[in-house]
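Engineer: Convert by adding 25 to the 1-based position in the sequence shown; the result is the number in our numbering. Encoded as structure tokens, here's the structure I'll be asking about.
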Amino acid sequence: MRPLLLSLLVLAGASGCEGFAGDVEQKAPAPASAGGGAAAPAPSPTAPAPGVMPGPSVIPLPDQVTIDRFECTPSSGITPLGVSCVLRAVHSNGKALGCTVNPGDGAVELTTEDCSTERTVTFTLTKVGTFKAVATVKDPGGLTATREAGLEVLAPPNVPPTIDAFTATPSQGGAPLNTTLAFVAKDADGDPLSCAIDVGADGTDDYQLDCAKGSQAHTVGVPGTVNVKLTVKDGRGGQATAMLALTAKQAVGDVRISKVEWGQSVIAESPRLVAGKAALLRVYVLGDKAGIAGVTAEVEGLDAQGTSLGKQPLAGPTTAPTAEAPADLTQQYKATVPATWMAPGVELRIAVDPQDALPETDEVNNLRSLKPLVGKGNVMELTPVPVVHQGQTAATPNAEPFLTRIWPLKGVNATPRAPYTFSGTLSGNDQNAWGNLLQSIAAVRQSDGSKRNYYGWVKVNYGSGIAGIGYVGQEAATGRDDSMDTITHELGHNMGRNHAPCGGVAGADQNYPYAGAKIGSWGYDSASGKLVNPNSNFDLMSYCDPAWVSDYNYKAVQTFLEAQASVTGGAAAPYETALLIAGTLGPSGAELRAVQALRGTPTAIQEGTLTARLLFASGRQQDVALATTEVSDTDERHFLAVVPADEPLAAVQLRQAERVLLERVASAQVELPTLERSGATSVRVRWNAKAAPFAQLAHFDAQGQRTTLALWLTGGDAVVQLGDLKGGHFEVSASDGVATARAEVDLAR
Numbered sequence: 026m027r028p029l030l031l032s033l034l035v036l037a038g039a040s041g042c043e044g045f046a047g048d049v050e051q052k053a054p055a056p057a058s059a060g061g062g063a064a065a066p067a068p069s070p071t072a073p074a075p076g077v078m079p080g081p082s083v084i085p086l087p088d089q090v091t092i093d094r095f096e097c098t099p100s101s102g103i104t105p106l107g108v109s110c111v112l113r114a115v116h117s118n119g120k121a122l123g124c125t126v127n128p129g130d131g132a133v134e135l136t137t138e139d140c141s142t143e144r145t146v147t148f149t150l151t152k153v154g155t156f157k158a159v160a161t162v163k164d165p166g167g168l169t170a171t172r173e174a175g176l177e178v179l180a181p182p183n184v185p186p187t188i189d190a191f192t193a194t195p196s197q198g199g200a201p202l203n204t205t206l207a208f209v210a211k212d213a214d215g216d217p218l219s220c221a222i223d224v225g226a227d228g229t230d231d232y233q234l235d236c237a238k239g240s241q242a243h244t245v246g247v248p249g250t251v252n253v254k255l256t257v258k259d260g261r262g263g264q265a266t267a268m269l270a271l272t273a274k275q276a277v278g279d280v281r282i283s284k285v286e287w288g289q290s291v292i293a294e295s296p297r298l299v300a301g302k303a304a305l306l307r308v309y310v311l312g313d314k315a316g317i318a319g320v321t322a323e324v325e326g327l328d329a330q331g332t333s334l335g336k337q338p339l340a341g342p343t344t345a346p347t348a349e350a351p352a353d354l355t356q357q358y359k360a361t362v363p364a365t366w367m368a369p370g371v372e373l374r375i376a377v378d379p380q381d382a383l384p385e386t387d388e389v390n391n392l393r394s395l396k397p398l399v400g401k402g403n404v405m406e407l408t409p410v411p412v413v414h415q416g417q418t419a420a421t422p423n424a425e426p427f428l429t430r431i432w433p434l435k436g437v438n439a440t441p442r443a444p445y446t447f448s449g450t451l452s453g454n455d456q457n458a459w460g461n462l463l464q465s466i467a468a469v470r471q472s473d474g475s476k477r478n479y480y481g482w483v484k485v486n487y488g489s490g491i492a493g494i495g496y497v498g499q500e501a502a503t504g505r506d507d508s509m510d511t512i513t514h515e516l517g518h519n520m521g522r523n524h525a526p527c528g529g530v531a532g533a534d535q536n537y538p539y540a541g542a543k544i545g546s547w548g549y550d551s552a553s554g555k556l557v558n559p560n561s562n563f564d565l566m567s568y569c570d571p572a573w574v575s576d577y578n579y580k581a582v583q584t585f586l587e588a589q590a591s592v593t594g595g596a597a598a599p600y601e602t603a604l605l606i607a608g609t610l611g612p613s614g615a616e617l618r619a620v621q622a623l624r625g626t627p628t629a630i631q632e633g634t635l636t637a638r639l640l641f642a643s644g645r646q647q648d649v650a651l652a653t654t655e656v657s658d659t660d661e662r663h664f665l666a667v668v669p670a671d672e673p674l675a676a677v678q679l680r681q682a683e684r685v686l687l688e689r690v691a692s693a694q695v696e697l698p699t700l701e702r703s704g705a706t707s708v709r710v711r712w713n714a715k716a717a718p719f720a721q722l723a724h725f726d727a728q729g730q731r732t733t734l735a736l737w738l739t740g741g742d743a744v745v746q747l748g749d750l751k752g753g754h755f756e757v758s759a760s761d762g763v764a765t766a767r768a769e770v771d772l773a774r
């Protein structure tokens, strides 16, 4: 009986599977037909083998596909709506299933792997509306099942527009008040906006605007205060409003900026300013009638990146002038622009009546924007040399305030050095002695291996007469130590300037543009805060007083300085054993100073028709080209060369082209000088002055840096000051004018 029971259970089970899918639509493929289309008979059960008792019949289950889970979350939300659908299906015979999900909004159908195992499909709905997501499952025989899930996509709530700014420029002033209303309106939803301005806030729009334009001109014709309302709408019921007030007063007149000038030693509208140096800014503010009081002004600086450097008030008269008065600094509105502002790319914005406190007939002529030309921040590298003259050591005063006050310099970097001992005697009318000192300072600079400006400060015991002397275009000069005017003048020569034609000068600049050496334009003295009148002041490169710098020489010096290579510190110069050749060429002939032997920095190869022919004891001959340098106060020119040589010199000729100007021959063998300590800060040099009239002394520190202490010493016995020099060793030499003897000596402290 048990086989029968099992067979019945199987049949009952098969019958019970009919219609299992519930709300799932089942679609089976049409049965195959043969010939006339009759269905093929079902296969007969297999007959049992002989002698075997038959078992129960096995009837296969029909194919069925069921989607037992299709859930989408969230089912409702604001666009864009991200949806996640979980899908799982069952096949009655465990066959693999192909599964797709159609989001229902017309998007591309999504396919997932066999969903007999639970799968998740995600998509995003952006359209607003009600949709049905449809899951479709298909088995290999084409049997399908579908199931739907409802989805609702809602539009986002409307975000009203915003007004980020609503301003009037100006907001007050004299009637009629011409102003510009400016605004910035935005809508987070990106909705099209409409803008309207209601002048008077009375409910009637005076201007319908394109919101993208963002501005509207308006005139308040009569005195009074009027409220202005801006309304911005987005077309979906959202709107924003903003208010401001315009005040038109009875006009007091009009003030305007007529001119702006700068002052760094010279007053000009469009100068080339020195970077890193404070400057006067003076603004000419004029009233259209007398008596307009309460005028204020300010300036704002912006760097090259547009970042504000701050604001400064401009000091000026209590009542606006009606005409320009360049001779009176109290009649302009002015400020000192800080050195920190003065850099390339700086912009200055000047505003008169910045708070719109004055009711004017014209409110738009009170602003000026300037972008001045800013050049280099020139710094002079100066070595002040205290000269020991007639037993007196000169002072070395701080010249920076005086030099920066006049010349286009933002600073002076002064590096002190040990004194230089000079054997000559200076007087108020001895041009030759002053020329020898000048050449000595140049030789000190060259032999030291320096590219800095060398200025020899010297103490003299007379009042009037020669106060200083300098080269034109070369960095060596000297002057008395009690005159700042002298160093300013002589360094002007070093920076390429000749004399201005006044006071009986020698070598006057034939191109100087102003009669009588007047300065040409207004100057500005930053030390006193006063103007310098061009009608009563003379260029400082003349011999006339009172003196200031002309615009002509100021610009020329600025060009000279900006063309110079920067001078930096560093290791000691490469020194070589050499001969120092120096002298003078002038209308009265040539002069050759005694040849000096030293270890110093050779000069660069020079050019010119003047040569020194060196004849050595070995028979070797060497021609050295000599360039000449203009001396500021004479018709003479100097030459100087440091020539590498380490063998005895027998003779020297000075030649102009093929003509011998002079010749000197060694007279005898030269003995070495002796050197000894003479107190804590000096040494004593002694030598046979009859055989060798001249001596030189230098110090080398522990790093090998040379400091020349004396050249062309005379007398056979000299005490030489050391200043603060410590340690190291000395070089000493003597010369009969041609032959030399040199040694380096270590004196123990």
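We put the beta carbon where it would ideally sit given N, CA and C, even for glycine. Just so we're clear, the structure is a prediction, and the values are computed from it rather than from any experiment.
Give the DSSP-derived three-state secondary structure of residue 511 in the structure shown.
Structural biologist: Here residue 511 refers to the residue found at position 486 of the sequence shown. Note: residue 511 maps to helix in three-state DSSP.
Engineer: Assuming residue 746 and residue 418 are in contact, meaning their beta carbons sit under 8 Å apart, how far apart are those beta carbons, in whole angstroms?
Structural biologist: Taking the sequence shown and counting its residues from 1, the one referred to as residue 746 is at position 721. Taking the sequence shown and counting its residues from 1, the one referred to as residue 418 is at position 393. Sure, about 6 Å apart at Cβ, within 8 Å.
Engineer: Does the Cβ of residue 724 have 16 or more other Cβ atoms within 10 Å, making it buried, or fewer, making it exposed?
Structural biologist: Taking the sequence shown and counting its residues from 1, one reaches residue 724 at position 699. Looking at its Cβ environment, which holds 16 or more other Cβ atoms inside 10 Å, residue 724 is buried.
Engineer: What is the rounded straight-line gap between the Cα of residue 764 and the Cα of residue 481?
Structural biologist: Numbered from 1 along the sequence shown, position 739 holds the residue referred to as residue 764. Numbered from 1 along the sequence shown, position 456 holds the residue referred to as residue 481. Straight-line Cα distance between these residues: approximately 29 Å.
Engineer: Where do the N-terminal and C-terminal ends of the beta strand (DSSP E) with residue 274 fall, by residue?
Structural biologist: For the purposes of this step, residue 274 is taken as the residue at position 249 of the sequence shown. Note, residue 274: beta strand (DSSP E), 264-275.
Engineer: Mapping DSSP to helix, strand and coil, what is residue 366?
Structural biologist: By 1-based counting over the sequence shown, the position of residue 366 is 341. Looking at residue 366 - three-state DSSP - the assignment turns out to be helix.
Engineer: List the whole-angstrom C-beta distance separating residue 292 from residue 546, where the pair is believed to meet the contact cut-off of C-beta under 8 Å.
Structural biologist: One-based indexing of the sequence shown puts residue 292 at position 267. One-based indexing of the sequence shown puts residue 546 at position 521. That belief holds up - the Cβ atoms of residue 292 and residue 546 are roughly 6 Å apart, short of 8 Å.
Engineer: Straight-line CA distance for residue 359 to residue 301?
Structural biologist: Taking the sequence shown and counting its residues from 1, the one referred to as residue 359 is at position 334. Taking the sequence shown and counting its residues from 1, the one referred to as residue 301 is at position 276. The straight-line gap from Cα to Cα measures roughly 19 Å.
Engineer: Look at the alpha carbon of residue 13 and the alpha carbon of residue 152, and state the distance between them as a whole number of angstroms.
Structural biologist: In the structure as shown, the chain begins at 26 and stops at 774. Residue 13 is therefore absent and cannot be evaluated.
Engineer: Residue 425 by DSSP, collapsed to three states: which one?
Structural biologist: As a first step, residue 425 is located in the sequence shown; it is residue number 400 there, counting from the start. Helix, per DSSP.
Engineer: Alpha carbons only, please: which of 630, 355 and 424 is nearest the one belonging to residue 440?
Structural biologist: By one-based count along the sequence shown, residue 440 stands at place 415. The option with the nearest alpha carbon to residue 440 is 424.
Engineer: Using a 10 Å radius around the Cβ and a threshold of 16 neighbouring Cβ atoms, would you call residue 259 buried or exposed?
Structural biologist: For the purposes of this step, residue 259 is taken as residue 234 along the sequence shown, with counting starting at 1. It counts as buried.
Engineer: Which residue comes first and which comes last in the beta strand (DSSP E) that contains residue 382?
Structural biologist: The residue given as residue 382 occupies position 357 in the sequence shown. Looking at the DSSP string, residue 382 is not in any beta strand (DSSP E), and its letter there is neither H nor E.
Engineer: What is the rounded straight-line gap between the Cα of residue 95 and the Cα of residue 110?
Structural biologist: In the sequence shown, residue 95 corresponds to position 70, counting from 1. In the sequence shown, residue 110 corresponds to position 85, counting from 1. The straight-line gap from Cα to Cα measures roughly 7 Å.
Engineer: Taking C-alpha atoms, which residue in 294, 375 and 517 lies nearest to residue 573?
Structural biologist: Sequence index remark: in the sequence shown, residue 573 carries index 548 (1-based). Closest option to residue 573, Cα to Cα, is 517.
Engineer: Between which two residues does the beta strand (DSSP E) carrying residue 736 extend?
Structural biologist: Residue 736 sits at position 711 when you count from the first residue of the sequence shown. From DSSP, the beta strand (DSSP E) with residue 736 extends over 731-738.
Engineer: Under 7 Å between the Cβ atoms of residue 341 and residue 314?
Structural biologist: By 1-based counting over the sequence shown, the position of residue 341 is 316. By 1-based counting over the sequence shown, the position of residue 314 is 289. Not in contact: residue 341 and residue 314 (Cβ atoms no closer than 7 Å).
Engineer: Based on the DSSP secondary-structure assignment, which residues constitute the bridge partners of residue 340?
Structural biologist: Along the sequence shown, read from residue 1 onward, the residue named residue 340 stands at position 315. Looking at the DSSP assignment, residue 340 forms a beta bridge with 359.
Engineer: From the beta carbon of residue 177, is the nearest beta carbon of chain D less than 7 Å away?
Structural biologist: Absent from the structure is chain D; it holds one protein chain and no more.
Engineer: Does the distance from the CB of residue 519 to the CB of residue 495 come in under 7 Å?
Structural biologist: What you label residue 519 is simply residue 494 of the sequence shown in a count that begins at 1. What you label residue 495 is simply residue 470 of the sequence shown in a count that begins at 1. For residue 519 and residue 495, yes; Cβs fall inside 7 Å.
Engineer: Looking only at DSSP bridge pairs, what is residue 323 linked to?
Structural biologist: Mapped onto the sequence shown, residue 323 falls at position 298. DSSP lists 338 and 376 as partners of residue 323.
Engineer: Could you check which residue in 88, 138 and 458 has the C-alpha nearest to that of residue 608?
Structural biologist: For the purposes of this step, residue 608 is taken as residue 583 along the sequence shown, with counting starting at 1. The residue with the shortest Cα to Cα distance from residue 608 is 458.
Engineer: May I ask you to list the residues that DSSP assigns as paired with residue 496?
Structural biologist: Position 471 of the sequence shown, counting from 1, holds the residue named residue 496. Beta-bridge pairing links residue 496 to 656.
Engineer: Taking residue 539 as the reference, give the member of 531, 550, 548 and 527 with the closest Cα.
Structural biologist: Counting from one through the sequence shown, the residue named residue 539 turns up at place 514. It is 527.
Engineer: Under three-state DSSP, which class holds residue 471?
Structural biologist: By 1-based counting over the sequence shown, the position of residue 471 is 446. In the structure shown, residue 471 sits in a helix (DSSP, three-state: H, G or I).
Engineer: Extract the residue ranges of the beta strand (DSSP E) inside the stretch 168-230, only unbroken runs of 3 or more that lie entirely within it.
Structural biologist: List check, beta strand (DSSP E) in window: 169-179, 187-194, 197-200, 202-211 and 219-224.
Engineer: Among 758, 715 and 679, which one has its Cα closest to the Cα of residue 640?
Structural biologist: Numbered from 1 along the sequence shown, position 615 holds the residue referred to as residue 640. Nearest of 758, 715 and 679 to residue 640, Cα basis: 679.
Engineer: Considering only their Cβ atoms, is the gap separating residue 650 from residue 631 smaller than 7 Å?
Structural biologist: Numbered from its first residue, the sequence shown carries residue 631 at position 606. Numbered from its first residue, the sequence shown carries residue 650 at position 625. Against a cut-off of 7 Å, the Cβ pair of residue 650 and residue 631 comes out as a contact.
Engineer: Taking only the alpha-carbon atoms, compute the straight-line gap between residue 150 and residue 107 and give it to the nearest angstrom.
Structural biologist: Start at 1 with the first residue of the sequence shown, and residue 150 comes out as number 125. Start at 1 with the first residue of the sequence shown, and residue 107 comes out as number 82. Approximately 6 Å between the Cα atoms of the pair.
Engineer: What three-state label does DSSP hand residue 93 in the structure shown?
Structural biologist: In the sequence shown, the residue the question calls residue 93 occupies position 68. Three-state DSSP puts residue 93 in a strand.
Engineer: Can you tell me which of 114, 118 and 757 puts its alpha carbon nearest to the alpha carbon of residue 5?
Structural biologist: Lying outside 26 to 774, the shown extent of the chain, residue 5 is not represented and no answer is given.
Engineer: Count the other CB atoms within 10 Å of the CB of residue 296; is the residue buried (16 or more) or exposed (fewer)?
Structural biologist: Position 271 of the sequence shown, counted from the start, is the residue given in the question as residue 296. Buried is the call here.
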